[in-house]
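Everything below concerns the one structure shown next.
Number of protein chains: 2
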Amino acid sequence: MKNYTVAVLGATGAVGREMLRILQERNFPVGKLIALGSERSNGSFVSFAGEQIPVQEATKESFAGVDIVLGAADNQTALEFAPIITQNGAVFVDNSSAFRQYPNVPLVVPEINPEDVRKHEGIISNPNCTTAISLTAIAPLRALSPIRSIWAATYQAVSGAGIAGPVELQQQITALGRGEPYPPQVFPHQIAYNLIPRIGEHQELGYTSEEMKLQYEGRKILHQPELTVSCTCVRVPVMRSHSVSASICFEDHVDVAAAREILAAAPGCRLLDDLAAEEYPTPLLSSDQDLVLVGRLRQDLTDSNRLNLWCCGDQLRKGAATNAVQIAELLIK
Amino acid sequence: MKNYTVAVLGATGAVGREMLRILQERNFPVGKLIALGSERSNGSFVSFAGEQIPVQEATKESFAGVDIVLGAADNQTALEFAPIITQNGAVFVDNSSAFRQYPNVPLVVPEINPEDVRKHEGIISNPNCTTAISLTAIAPLRALSPIRSIWAATYQAVSGAGIAGPVELQQQITALGRGEPYPPQVFPHQIAYNLIPRIGEHQELGYTSEEMKLQYEGRKILHQPELTVSCTCVRVPVMRSHSVSASICFEDHVDVAAAREILAAAPGCRLLDDLAAEEYPTPLLSSDQDLVLVGRLRQDLTDSNRLNLWCCGDQLRKGAATNAVQIAELLIK
Chain A
1 MKNYTVAVLG
11 ATGAVGREML
21 RILQERNFPV
31 GKLIALGSER
41 SNGSFVSFAG
51 EQIPVQEATK
61 ESFAGVDIVL
71 GAADNQTALE
81 FAPIITQNGA
91 VFVDNSSAFR
101 QYPNVPLVVP
111 EINPEDVRKH
121 EGIISNPNCT
131 TAISLTAIAP
141 LRALSPIRSI
151 WAATYQAVSG
161 AGIAGPVELQ
171 QQITALGRGE
181 PYPPQVFPHQ
191 IAYNLIPRIG
201 EHQELGYTSE
211 EMKLQYEGRK
221 ILHQPELTVS
231 CTCVRVPVMR
241 SHSVSASICF
251 EDHVDVAAAR
261 EILAAAPGCR
271 LLDDLAAEEY
281 PTPLLSSDQD
291 LVLVGRLRQD
301 LTDSNRLNLW
311 CCGDQLRKGA
321 ATNAVQIAEL
331 LIK
Chain B
1 MKNYTVAVLG
11 ATGAVGREML
21 RILQERNFPV
31 GKLIALGSER
41 SNGSFVSFAG
51 EQIPVQEATK
61 ESFAGVDIVL
71 GAADNQTALE
81 FAPIITQNGA
91 VFVDNSSAFR
101 QYPNVPLVVP
111 EINPEDVRKH
121 EGIISNPNCT
131 TAISLTAIAP
141 LRALSPIRSI
151 WAATYQAVSG
161 AGIAGPVELQ
171 QQITALGRGE
181 PYPPQVFPHQ
191 IAYNLIPRIG
201 EHQELGYTSE
211 EMKLQYEGRK
221 ILHQPELTVS
231 CTCVRVPVMR
241 SHSVSASICF
251 EDHVDVAAAR
261 EILAAAPGCR
271 LLDDLAAEEY
281 PTPLLSSDQD
291 LVLVGRLRQD
301 LTDSNRLNLW
311 CCGDQLRKGA
321 ATNAVQIAEL
331 LIK
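If you're matching them up, the sequences are chains A and B in order. Start counting the first sequence at 1; every next residue gets the next number (my numbering). Start counting the second sequence at 1; every next residue gets the next number (my numbering).
And the structure:
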C-alpha cells in the first residue's frame with residue numbers, strides 16, 4: 001500500500017488540529033506529515049501519531065514532493081498557495097470558501113457527490129460546515145421526490161468562529177459569574193447566555209454570506225442550479241456542533257415513515273427520533289464524532305409536500321476536517 | 001379613579017412575581033393586592049409597592065370582594081379555582097393554557113385583538129409566551145396581505161420552564177466549570193452549552209404541545225381558523241427572552257420596505273434591522289422590557305410571497321405578565 005506525503009495548511013487552527021486527529025483515527029496512509037502555518041506559528045508544535053511535529057511557516061518551497069494538501073487556512077492564504085500547490089503536482093483539498101464556486105473546482109460531500117472528485121484539476125473544495133451537515137441529512141431524501149427548496153434556521157456553535165470562539169464564551173461566562181465585565185472581542189455582542197442572529201457579512205437582499213452559502217453550495221453539490229434555499233444563521237452559546245431546523249419542500253407529497261426509513265440507512269447519518277424516549281439530536285450528543293444526527297422528522301403542517309427535520313453535526317469534524325479527509329480518501333482510492 | 005382589588009394566583013412563581021412588578025410599573029390602580037399561592041407558599045412574602053405582602057394559600061374563600069384575578073398558576077390550579085373566581089364576580093385573566101381553546105373564553109394579545117376582551121364571560125386567557133411574542137411581530141404585517149401560513153423555529157430561554165430553569169442552567173455551568181457532574185433535573189438533558197429540541201409533550205403528528213400552540217392559538221387570536229403554522233421549539237442556554245426565526249407566507253407578494261415601515265410603527269414592536277451597524281434583536285437586548293424586537297426582515301428566497309424575520313421578546317413580560325396586565329387594563333378602561 002502506497003503512503004502519501006500530506007501537508008496540513010493551517011495546522012494550528014481549530015480545523016487543522018482536527019484534521020491531524022482524523023488522519024490518524026481513519027488510518028489515512030500518511031508517509032510523511034508536514035504541518036504548515038503562518039509566520040506566527042513558527043516554533044510551535046502539533047501532535048500527530050504520537051509525535052510532536054514542528055510547524056513550519058508556509059512558503060513557496062513548502063510543497064515540493066507533497067501529494068495532498070489539506071487546507072484549513074483562510075481564503076487569502078488559500079488563494080496565495082493554491083497555484084504553488086498545483087504546480088507542485090499536489091492536490092489541494094481546501095476548506096476555505098475561496099474556490100467553492102469555481103466551475104473547475106469540485107465541491108464535494110462524499111456521501112452525496114463522490115463522483116465529482118474525479119473532475120478535479122488540482123483543487124477540490126470542502127463545503128461550509130452548515131452546508132455539509134444539513135445536506136448530509138437532507139440529500140438522501142431525494143430518493144423519495146426531487147427537492148424544490150429548503151428553509152432553514154441554524155443554531156451554530158462558537159467553535160465555528162475558530163479557536164477564539166470557545167475561549168470567549170468560557171471566559172465571558174466566568175467573568176459574568178464573578179460580576180466582572182467581559183467585553184466581546186470575537187463576537188459582535190455578548191454570546192454568553194445570548195444569541196447573535198448574524199454570521200458572516202451582509203451579502204445580498206438582507207442575507208449574510210453564511211446564509212447564502214447553503215443555497216449556492218447546495219446547488220453545486222446537489223447538481224440543482226435552480227434550488228432555492230432561505231436560511232437564517234444564528235450563533236448560540238454552545239461550544240461545539242451546529243444544529244439546523246429545516247423544512248424541505250419536495251415536488252410531491254413525501255411520506256414521513258418512508259423518510260424515516262431512508263435516513264435510518266443513509267450513509268453518514270444516525271436517526272434519533274423518539275420524543276417519548278427523549279431521543280433526538282443535540283449538540284452534545286453529536287460532538288466529537290462524525291455522524292450527522294437527524295430527528296424530529298415530521299410532515300410540515302403548512303404544506304403536505306414539505307417535511308420538517310432537526311439535525312446536529314460536529315462542524316469541526318463532518319462540517320470540516322472529516323469531510324476533507326473523506327475527500328482525500330476518495331482521491332487515493 | 002376607581003381602585004381595584006387584584007389577586008395574583010401563583011404569586012411566588014416566575015410569572016407571578018413579574019405580574020406584581022408590572023402592576024406597579026404600569027401604575028395599575030390597585031386598591032388592595034392579594035398574593036395567593038399553594039400550601040407550600042404559606043408564610044412566604046412577596047414585595048409589592050414597597051411592602052412585603054404575605055402569601056396566602058389559595059382556598060375557596062380567597063376571592064370574596066376581588067375584582068380581577070391574574071392567574072400565574074398551572075392548569076390544574078386554574079381549573080380548580082376558575083368557577084369560584086367567576087362565582088365571586090371577579091374576572092380571571094389566566095396565563096395557564098387550561099381555557100385558551102374554550103369558545104367562550106377570549107384569547108387576547110392587546111395589540112392584536114383587544115376587542116375580544118369584551119366578549120368574556122368571566123375568564124380571559126393569556127396566550128402562550130411564544131405565541132404572544134411571535135404574533136406581536138407578525139400580525140401587523142396583515143396590513144400588506146392576508147397571512148396564509150407561518151413556519152417558525154424557536155430559541156426559548158430556560159426561564160420559560162419556571163424559576164427552576166435558570167437555577168439549573170447556572171448551577172450546571174458552575175459545576176461543569178469545576179469538573180463536577182450536575183445531572184439534569186428540570187430539563188431532560190444537560191442544557192448548559194447544549195440545545196434541547198423538545199418543549200412540551202408529544203401531542204400530534206410528531207409535534208409537541210408547545211409547537212402546536214402557535215397554530216391553535218394563532219388561529220383564535222387572528223380570527224383565522226384556516227391558518228397553518230409549523231413550528232420547531234428548541235430550548236437554548238439563554239436565561240431570559242425567547243427568540244423566533246419565522247417565515248411568513250402571504251396571499252400576495254409583500255414588499256420588504258413596506259413591511260419594515262409597518263413594523264417600525266407597530267404597537268408593541270421595535271424594529272432593529274441594520275446588519276452593518278450590528279443592530280438586530282438579541283435575547284439580552286429584549287430582556288426585562290416589554291417590546292418585541294424585530295429584525296432580519298427580508299424576502300424569503302424560496303417564495304416571493306414569503307417574508308423572513310427574527311424577533312425576540314421577554315417571555316416573562318410580553319410573553320406572560322405584561323400581556324396579562326395589559327388585558328386587565330383593557331378590562332377597566
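Glycine residues also receive a C-beta, built at the ideal position from the N, C-alpha and C atoms. These numbers come from a predicted model, not from an experiment.
Taking 8 angstroms as the cut-off, the Cβ atoms of residue 285 of chain B and residue 312 of chain B count as close. Residue contact with chain A for residue 190 of chain B: present (Cβ-Cβ distance below 8 angstroms to some residue of chain A). For the set A:54, A:120, A:56, the Cα lying nearest the Cα of residue 330 of chain A is the one of A:120. Taking residue 199 of chain B as the centre and dropping the five residues before and after it, the same chain places the C-beta of 156, 208, 210, 233, 235 closer than 7 angstroms to its C-beta, in chain order.
For residue 230 of chain A, DSSP records a beta bridge to A:151. Per DSSP, reduced to three states, the secondary structure at residue 333 of chain A is coil, with no helix or strand assignment. Against chain B, the CB of residue 182 of chain A has no partner CB under 8 angstroms away; the residue lies outside that interface. Taking 8 angstroms as the threshold, the shortest C-beta distance from residue 168 of chain A to chain B does not fall below it. With respect to chain B, the C-beta atom of residue 177 of chain A has a partner C-beta closer than 8 angstroms.
Judged by their CB atoms, residue 176 of chain A and residue 161 of chain A are not nearer to each other than the 8 angstroms cut-off. Its Cα nearest to that of residue 8 of chain B, the residue B:63 stands out among B:254, B:204, B:63. Among the residues of the stretch 279-305 of chain A, those with a Cβ less than 9 angstroms away from any Cβ of chain B are 280, 281, 282, 283, 284, 285, 295, 296, 297, 298, 299, 300, 301, 302, 303, in the order of the chain. Beta-bridge analysis with DSSP links residue 34 of chain B to B:7.
Within chain A, 173 have C-beta atoms less than 7 angstroms from the C-beta of residue 173 of chain B, given in sequence order. Within a 10 Å sphere around the beta-carbon of residue 52 of chain B sit fewer than 16 other beta-carbons, which makes this residue exposed. A direct Cα-to-Cα measurement between residue 318 of chain A and residue 298 of chain A gives close to 24 angstroms.
Interface with chain A (8 angstroms Cβ-Cβ cutoff): residue 218 of chain B is excluded. Distance from the CA of residue 314 of chain B to the CA of residue 178 of chain A, rounded to the nearest whole angstrom, comes to 25 angstroms.
Bounds of the beta strand (DSSP E) holding residue 293 of chain A are 292-299. Annotated three-state conformation of residue 307 of chain A is strand, per DSSP. Separation of the CB atoms of residue 190 of chain B and residue 172 of chain B is rounded to 6 angstroms, and the pair is thereby assigned contact status at 8 angstroms.
Listed along chain B are 230, 232, each with a C-beta nearer than 7 angstroms to that of residue 308 of chain A. At least 8 angstroms separates the CB of residue 1 of chain B from every CB of chain A. Per DSSP, residue 15 of chain A is not a residue of any beta strand (DSSP E); the alpha helix (DSSP H) it occupies stretches across 14-25.
Using a Cβ-Cβ distance cut-off of 8 angstroms, the stretch 141-151 of chain A and the stretch 224-233 of chain A are in contact, since at least three pairs of beta carbons, one from each stretch, lie closer than that value.
If you draw a straight line from the Cα of residue 118 of chain A to the Cα of residue 99 of chain A, it is about 16 angstroms long.
Chain B has no Cβ within less than 8 angstroms of the Cβ of residue 242 of chain A. The DSSP-derived three-state label of residue 199 of chain B is coil.
Spanning the alpha carbons of residue 26 of chain B and residue 289 of chain B requires a straight line of approximately 12 angstroms. For residue 141 of chain A, the three-state secondary structure derived from DSSP is helix. For residue 3 of chain B, same chain residues with a beta-carbon under 7 angstroms away, outside a window of 5 residues either side, are 29, 30, 31 in chain order. Rounded to whole angstroms, the separation of the alpha carbons of residue 219 of chain B and residue 302 of chain A is 13 angstroms. Exclusion of the five residues before and after residue 37 of chain A leaves 11, 12, 55 as the residues of its chain whose Cβ lies within less than 6 angstroms of its Cβ. At a cut-off of 8 angstroms between beta-carbon atoms, residue 196 of chain B makes contact with chain A.
Within chain A, no C-beta atom comes less than 9 angstroms from the C-beta of residue 19 of chain B; the nearest is roughly 24 angstroms away. At a cut-off of 8 angstroms between C-beta atoms, residue 249 of chain B counts as an interface residue with respect to chain A.
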